[in-house]
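S.K.:
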Amino acid sequence: MKTREEAIAACMALGGCYEDYPFSDANWTVMRHRGNHRTFALIFERESKIWINVKAEPMWGEHWRRTYPAVVPGYHMNKQHWISVILDGSMSEEEILPLIAESWALAAPKEKGRKQTC
2 MKTREEAIAA CMALGGCYED YPFSDANWTV MRHRGNHRTF ALIFERESKI WINVKAEPMW
62 GEHWRRTYPA VVPGYHMNKQ HWISVILDGS MSEEEILPLI AESWALAAPK EKGRKQTC
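Right, here's the structure in full:
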């Protein structure tokens, strides 16, 4: 995965989402859940590479940053809850897709009527 189109397609394959362009800068593609409109990925070009910002549990975000040089703190995002994946060819699609899927799950609409237990 190296292009914006491939990144968008990977996000869309998860289902229940749409592309948005809410900023005056068309460089930013925002991927949102259809049900709650929450953002789960931001796709943009920086330093001649495509980057994807995705949500991550803080513990996992730290792990991914230590594991992959192409994973850095989230660009223009809360560094505790977001990471940026630089699509520079150093990570395989099989390594990137689970990060996008986890972000999708973290931002997914909550089930209504589900009672929380202690």
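Taken in order, the sequence shown gives residues 2 to 119; the numbers are from the working numbering.
Glycine residues also receive a C-beta, built at the ideal position from the N, C-alpha and C atoms.
Here the structure is a predicted model, which is why all the values come from computation and not from measurement.
According to DSSP, is Thr30 part of a helix, a strand, or is it coil?
M.R.: Position 29 of the sequence shown, counting from 1, holds the residue named residue 30. Of the three classes helix, strand and coil, the one that applies to Thr30 here is strand, per DSSP.
S.K.: By Cβ distance, which residues of its chain are closer than 7 Å to Gly90, with the 5 residues on each side in sequence left out?
M.R.: Counted from its first residue, the sequence shown places residue 90 at position 89. The residues are Lys3.
S.K.: For the pair the stretch 21-41 and the stretch 62-76, tell me if three or more CB-CB distances fall below 8 Å.
M.R.: no
S.K.: Given Pro59, which residues of its chain have a CB within under 6 Å of its CB, disregarding the five upstream and five downstream residues?
M.R.: In the sequence shown, counting from the first residue as 1, residue 59 sits at position 58. If you ignore the 5 residues before and after Pro59, its C-beta comes within less than 6 Å of the C-beta of Gln81, all in its own chain and listed in chain order.
S.K.: Buried or exposed, going by whether 16 or more other CB atoms sit within 10 Å of the CB of Lys56?
M.R.: As a position in the sequence shown, residue 56 is number 55, starting the count at 1. When all chains shown are included, Lys56 counts as buried.
S.K.: Using only CA atoms, which one of Ala106, Lys111 and Glu112 lies nearest to Phe41?
M.R.: Start at 1 with the first residue of the sequence shown, and residue 41 comes out as number 40. It is Ala106.
S.K.: Could you compute how far the alpha carbon of Arg5 sits from the alpha carbon of Leu15?
M.R.: Counting from 1 along the sequence shown, the entry for residue 5 is found at position 4. Counting from 1 along the sequence shown, the entry for residue 15 is found at position 14. Distance between the alpha carbons of Arg5 and Leu15 is about 16 Å.
S.K.: Among the candidates Asn54, Asn37 and Arg33, whose CA atom is the shortest distance from the CA of Lys111?
M.R.: Counting from 1 along the sequence shown, the entry for residue 111 is found at position 110. When only C-alpha atoms are compared, the closest one is Asn37.
S.K.: Spatial neighbours of Lys50 within its chain, please: C-beta separation below 7 Å, excluding the five flanking residues on both sides.
M.R.: Stepping through the sequence shown from its first residue, residue 50 is reached at position 49. Excluding sequence neighbours, Lys50 sits near Ile87, Leu88 and Asp89.
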